[in-house]
C-alpha cells in the first residue's frame with residue numbers, strides 16, 4: 122500500500138474512533154448513568170472513563186474488520202479522542218457551570234435596554250449577581266455541597282471549615298498562581 126493511501130486510512134480510522142467516542146460520550150451523558158454525581162466535572166470524568174473502554178471494544182471490532190491497522194493506532198486514536206474531549210469538557214461546560222463571567226454576559230444579553238444605557242450599570246449588574254446568582258441560584262450552597270463531597274471542606278455545628286486536603290489544595294493553587302502570574 123502506498124504511503125498516501127495508508128495515511129488516508131489512518132486519518133479515516135482516527136476520525137472514526139473520534140466520532141464513535143463522541144457519540145458514546147453524549148449517549149452516556151444524556152443517560153441516567155452516574156446521575157447521582159451532581160458535580161458536573163466528576164460525572165464527566167466518570168463518563169469519559171466508561172466511554173474510553175466502550176470505544177476500545179468497538180474500535181477493536183472495527184479495526185479488525187475494516188481498517189486492519191496496528192493496535193498502537195487504536196490506542197493512539199483513543200488517547201487523541203480522550204484528550205480532545207477532556208479539554209473541551211473542562212474548558213466549556215465545566216467553566217460555564219461555574220463562571221461568573223458567563224452569568225454576567227447572559228444577564229446583559231437578556232436585559233431590556235433603557236434610554237440612558239444599552240445594558241446595565243455596574244451597580245445593577247452587581248445587585249443582579251448577588252440577588253439572582255448568589256441567592257436565588259444558591260451559588261454558595263452549591264459550592265459548599267460539592268466541596269464537602271470532595272472533602273475540601275467539612276461542616277461541624279453549622280461551621281464550614283477547610284480540611285487538611287483543602288489546605289493542601291490551596292497551597293498547590295498558590296504555587297500554580299505564582300507560576301502563571303495569576304492574582
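In my numbering, the protein residues as written are 122 to 304.
Glycine included, each C-beta is placed from N, C-alpha and C at the ideal position.
Note that this is a predicted model, so its numbers are computed, not measured.
Under the three-state DSSP convention, the category residue i falls into
| i | result |
| --- | --- |
| residue 211 | helix |
| residue 160 | coil |
| residue 280 | strand |
| residue 154 | coil |
| residue 225 | helix |
| residue 293 | helix |
| residue 199 | helix |
| residue 190 | coil |
| residue 274 | strand |
Distance CB(residue i)-CB(residue j) smaller than 8 Å
| i | j | result |
| --- | --- | --- |
| residue 274 | residue 283 | yes |
| residue 222 | residue 199 | no |
| residue 181 | residue 203 | no |
| residue 251 | residue 194 | no |
| residue 167 | residue 155 | yes |
Same chain, Cβ closer than 8 Å to residue i, neighbours up to 5 away in sequence not counted
| i | result |
| --- | --- |
| residue 206 | 142, 143, 146, 169, 172 |
| residue 297 | 303 |
Cβ-based neighbour list, residue i, same chain, cut-off 7 Å, excluding 5 preceding and 5 following
| i | result |
| --- | --- |
| residue 308 | Nothing can be reported for residue 308: it is not among the residues displayed for the chain, which extend from 122 to 304. |
| residue 164 | 155, 158 |
| residue 301 | none |
Handout entry: Touching by the beta-carbon criterion (3+ pairs, under 8 Å), the stretch 223-243 and the stretch 131-151
Key = no
Exercise for the section: Assess, as a yes-or-no matter, whether the stretch 265-274 is touched by the stretch 157-167 under the definition of 3 or more beta carbon pairs within less than 8 Å. Expected result: yes
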